[in-house]
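In what follows, a single structure is set out as structure tokens and then discussed.
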Amino acid sequence: MSKTHFHFDHVGSYLRPNELKQARADLDAGKISAAELLTTQHQLVDDLVDNEVKSGLHVITDGEFGRSWWHLDFLWNLNGIEAYDQAASYAFHGAKTRATNVRINGKLSANFDHPFFNDFSYLKSIAPDGVEVKTTIPAPTLLFRDGRSDLALNFYDTWEDYLTDLAKTYHDTLQHYYDLGSSYVQLDDTTWAFLIAKLNESKDDPIAHAKYEKIAQDGVWVINEALKDLPEDLRVATHICRGNFKSTYLFEGGYAPVAKYLGALNYDTFFLEYDDERSGDFAPLADIWNGRENVELVLGLLTSKSPDLETVEDVKARIEAAAQIVPLQNLGISTQCGFSSTEEGNVLTIAQQWDKLKRVGEVATAVWGD
2 MSKTHFHFDH VGSYLRPNEL KQARADLDAG KISAAELLTT QHQLVDDLVD
52 NEVKSGLHVI TDGEFGRSWW HLDFLWNLNG IEAYDQAASY AFHGAKTRAT
102 NVRINGKLSA NFDHPFFNDF SYLKSIAPDG VEVKTTIPAP TLLFRDGRSD
152 LALNFYDTWE DYLTDLAKTY HDTLQHYYDL GSSYVQLDDT TWAFLIAKLN
202 ESKDDPIAHA KYEKIAQDGV WVINEALKDL PEDLRVATHI CRGNFKSTYL
252 FEGGYAPVAK YLGALNYDTF FLEYDDERSG DFAPLADIWN GRENVELVLG
302 LLTSKSPDLE TVEDVKARIE AAAQIVPLQN LGISTQCGFS STEEGNVLTI
352 AQQWDKLKRV GEVATAVWGD
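Per the numbering used here, the sequence shown runs over residues 2 to 371.
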């Protein structure tokens with residue numbers, strides 16, 4: 002089934018207003034209730050949606066205002082996963098994160114009381130006519146890294162049994178979003194950027210290289226199994242992220258080492274980071290698109306890490322170069338990532354965030370007339 006291509010789209014997260022940060026701090030300090038925090042959150046999501054629509058977006062999110070991390074809050078609310086504090090923070094270039102992580106503590110399954118479902122239902126209830134509501138959650142491959150699945154065989158007889166339950170957990174979660182009225186879910190994924198780095202590093206070490214190839218193969222199987230037999234009118238996207246914390250990053254390298262795997266994933270839309278030299282050239286787009294006429298590649302050509310505004314002409318020129326590899330109608334434009342993958346946010350102001358989105362919209366209008 003052919004789905005509408007949104008040439009102007011956004012990855013998902015937005016800078017948290019100070020009022021929201023203060024409310025979360027007040028909750029932690031016992032000064033307000035969870036219900037009072039939710040009231041503040043809803044008021045600020047209302048304001049956010051107004052600004053998204055004014056920016057010209059036809060796809061809106063709740064900015065991830067209900068979570069602290071882009072990924073961990075979702076994962077630790079699944080059945081069979083718990084949060085804990087690990088010894089070290091994540092190895093970002095030039096910044097230190099909190100040390101929160103997750104690990105397996107039982108058999109995996111979808112949690113139909115997951116708080117993210119309530120966040121979606123609220124956003125859906127306030128969405129204006131003519132816009133699509135998008136939910137962002139981490140991809141299942143996030144459990145393949147940072148020791149998160151080290152305990153899996155304490156609860157499963159085989160690794161394959163574990164992967165089967167992981168895929169079913171995500172399939173059931175995506176189906177439940179659809180049942181609640183969702184038509185667009187995005188699975189954010191740093192694992193492929195991790196694999197780019199590791200496959201490049203291990204080129205001369207066959208044993209290590211084979212280990213990372215196996216992670217990639219398992220990733221393709223789990224994701225495609227999760228997507229199997231979902232409703233045809235449910236759009237499922239992915240964002241291939243290189244890390245985004247206080248305007249820093251985790252990984253670098255072009256897409257070539259993983260392009261064939263991305264080209265085998267049955268997503269409808271791929272958000273691809275292309276804002277600087279860390280992302281490499283456009284050549285791998287051919288393998289990622291893989292000739293699939295209904296698949297869209299959304300190029301993250303404008304950075305969310307800096308307030309500096311790219312020029313319309315420079316971005317148009319890069320889109321024209323990409324269109325030599327993938328048809329223009331199968332391309333879209335966004336910032337390379339969200340503005341606030343964690344509640345700390347990138348180093349720019351909320352006003353500068355909207356200036357950046359306005360520039361993305363200007364490029365989309367100049368190129369596609371959107």
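All C-beta atoms, glycine included, are put in the ideal place defined by N, C-alpha and C. On a predicted model such as this, the values are computed, not experimentally measured, just so you know.
Rounded to the nearest angstrom, how far is the Cβ of residue i from that of residue j, given a contact under 8 Å?
i, j, result
"Glu65", "Ser341", "7 Å"
"Ile241", "Leu188", "With 8 Å as the limit, Ile241 and Leu188 do not qualify as a contact, their Cβ atoms being about 10 Å apart."
"Trp369", "His8", "4 Å"
"Ser14", "Gly362", "Contact doesn't hold; Cβ gap of about 18 Å is too wide."
"Gly333", "Asp10", "6 Å"
"Glu297", "His59", "Incorrect: roughly 13 Å between the Cβ atoms, too far for contact."
"Ile61", "Ala128", "6 Å"
"Ser183", "Phe121", "6 Å"
"Leu16", "Gln42", "In fact, because the Cβ distance is near 14 Å, the residues do not count as touching under 8 Å."
"Trp77", "Val50", "Going by Cβ atoms, the distance from Trp77 to Val50 rounds to 27 Å, so no, they are not a contact pair."
"Ala168", "Ala227", "5 Å"
"Asp230", "Gly255", "Not quite, the Cβ-Cβ distance comes to about 34 Å (not below 8 Å), so this is no contact."
"Lys1", "Asp166", "Look at the range of the chain in this structure, 2 to 371, and you will see that residue 1 is not part of it."
"Val186", "Val237", "6 Å"
"Asn295", "Asp269", "7 Å"
"Leu124", "Asp180", "About 16 Å; that fails the 8 Å criterion."
"Trp71", "Thr101", "Actually they do not touch by this definition, with Cβ atoms about 12 Å apart."
Locate the alpha helix (DSSP H) running through residue i, then write down its first and last residues.
i, result
"Thr165", "Trp160 to Asp180"
"Asp190", "Not the alpha helix (DSSP H): Asp190 falls in the beta strand (DSSP E), residues Tyr185 to Asp190."
"His240", "Not the alpha helix (DSSP H): His240 falls in the beta strand (DSSP E), residues Arg236 to Ile241."
"Leu21", "Asn19 to Asp29"
"His43", "Ala35 to Lys55"
"Ile351", "Ile351 to Trp369"
"His210", "Pro207 to Leu228"
"Ile320", "Val313 to Ala323"
"Leu286", "Leu286 to Trp290"
Let me confirm a value: residue i is counted as buried when at least 16 other C-beta atoms fall within 10 Å, else exposed. Which label applies?
i, result
"Ile105", "buried"
"Asp309", "exposed"
"Ser34", "exposed"
"Leu117", "What sits at residue 117 in the sequence shown is Phe, not Leu. Per the 10 Å Cβ criterion, buried."
"Tyr85", "exposed"
"Ala323", "buried"
"Ser305", "buried"
"Pro258", "buried"
"Asn331", "buried"
"Gln325", "exposed"
"Thr312", "exposed"
"Ser248", "Confidence in Ser248 is poor, its pLDDT being 47 and thus under 50, which makes the residue's placement unreliable; the coordinate value appears in the next sentence. Buried, by the Cβ-count rule."
"Gln354", "buried"
"Pro328", "exposed"
"Asp47", "exposed"
"Glu274", "buried"
"Ala318", "exposed"
"Ser335", "buried"
"Gln337", "buried"
"Lys359", "exposed"
"Lys135", "buried"
"Lys204", "exposed"
"Thr40", "exposed"
"Lys357", "buried"
"Lys55", "exposed"
"Lys199", "buried"
"Pro232", "exposed"
"Ala352", "exposed"
Span of the beta strand (DSSP E) holding residue i?
i, result
"Ala265", "Per DSSP, Ala265 belongs to no beta strand (DSSP E) and is neither H nor E."
"Glu297", "Glu297 to Leu303"
"Thr336", "Leu332 to Thr336"
For chain B, check one thing: does any of its Cβ atoms lie closer than 7 Å to the Cβ of residue i?
i, result
"Ile82", "Reference to chain B is not applicable here, since this structure consists of a single protein chain."
Check whether the region 213-227 and the region 141-158 are in contact - that is, three or more C-beta pairs closer than 8 Å.
Segment contact: the region 213-227 against the region 141-158, three or more CB-CB distances shorter than 8 Å; contact assigned.
For the region 65-147, which segments carrying the alpha helix (DSSP H) assignment without a break, of at least 4 residues, lie completely within its bounds, in sequence order?
Runs found: 73-76 and 116-127.
Is the number of C-beta pairs between the region 263-275 and the region 291-308 that are closer than 8 Å three or more?
Because the criterion of three Cβ pairs below 8 Å is met, the region 263-275 and the region 291-308 touch.
Please confirm if the region 114-132 is in contact with the region 146-155, defined as three or more CB-CB distances below 8 Å between the two stretches.
Contact between the region 114-132 and the region 146-155 is absent: fewer than three C-beta pairs spanning the two stretches fall below 8 Å.
May I ask you to verify whether the region 35-52 touches the region 156-166, counting CB pairs closer than 8 Å and requiring at least 3?
The region 35-52 vs the region 156-166: no contact.
State whether the region 168-187 contacts the region 201-209, with contact taken as three or more CB pairs (one from each stretch) at a distance under 8 Å.
Inter-segment contact for the region 168-187 and the region 201-209 is absent: fewer than three beta-carbon pairs are separated by less than 8 Å.
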